[in-house]
Amino acid sequence: YDSEDDEDENSDGNGGRRQRRQRYDSSDDDEKDGPTRMSSGHKAGLQNYKDFNSAEKEIQHRKQNDAQVMVDKYGMGETVYRDAQGKRTTKPETPGPSMEQQEQMKHLNEGKLQREERERKAQEMAMIQNSSFARHETDHRLEDMRKNEIRKGDPMAAYAHKNETKKRKKKKSSKRGSSDAASMEEVEEKPTYKGPPPRPNRFGIRPGYRWDGVDRANGWEDKLLAKQYMSKAKEEESYRWRSADM
602 YDSEDDEDEN SDGNGGRRQR RQRYDSSDDD EKDGPTRMSS GHKAGLQNYK
652 DFNSAEKEIQ HRKQNDAQVM VDKYGMGETV YRDAQGKRTT KPETPGPSME
702 QQEQMKHLNE GKLQREERER KAQEMAMIQN SSFARHETDH RLEDMRKNEI
752 RKGDPMAAYA HKNETKKRKK KKSSKRGSSD AASMEEVEEK PTYKGPPPRP
802 NRFGIRPGYR WDGVDRANGW EDKLLAKQYM SKAKEEESYR WRSADM
């Protein structure tokens, strides 16, 4: 500690002594005003839940009192009506569509198939809600669902799919409202090609039933398939050569 330096700092240069400025600390005001508070009015930092609940009740009570003072002073005010563009209007707009109308408008763009599917799902959900959680052996609905399920590798899957398609078409034709007996008959399948076998292609697409049997391709498919067959044949030959007894 050097007394000469302290005297130099406190002197004003003319031989007189200058009053030393007092240091300002922001924490002094915080201690006077109380603890730091957030914008919500609560104290900042960790606190007990009882103190927090009491402070919350006090804040809400203060807000209600302030709102009541404003109402008593200025009144409730007039209702402002606006149109769809946000401009003020003197009369309120016509009431919008009800919830039922909104639900109907939501399904306006649905087709007949989507509507039937939605109704079927609604009926199924209602049936599930009314049924019990347990399944029994006498559950005919579960048994029919198992019978109609088409499993992979089933030799009768094609026949079952054909019958299911016929039933679906019969159901559609009967729903059109035609009362004649022809509508109840089985709808024939689309005709298929029954001529000489065509050349194979990599996608396995069959020709249409109106094909005259003339191949009008440029030969690219034949070259591609020939290369694939050749590579498979080479792989099989090399495997046999490697696995043969030397």
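No gaps in the numbering here: position 242 of the sequence shown is 843 in the working numbering, and each next residue is one more. Using N, Cα and C, we set each Cβ at its ideal position, and we do this for glycine too.
DSSP, reduced to helix, strand and coil, places Lys644 within a strand of the structure shown.
The criterion of a C-beta distance shorter than 9 Å is satisfied by Trp812 and Gly796. Judged by DSSP secondary structure, Leu826 falls within the alpha helix (DSSP H) whose first and last residues are Trp821 to Ser844. Counted as a single uninterrupted DSSP element, the alpha helix (DSSP H) harbouring Ala723 occupies residues Lys713 to Asn731. The residue from Arg638, Asp667 and Asn666 with its alpha-carbon nearest to that of Phe653 is Arg638.
In the structure shown, Arg769 falls within a helical segment according to DSSP collapsed to helix, strand and coil. In this structure, Ala758 lies away from Asn749, with their beta-carbon atoms at least 9 Å apart. Rounded to the nearest whole angstrom, the CA to CA distance from Gln669 to Gly678 is 13 Å.
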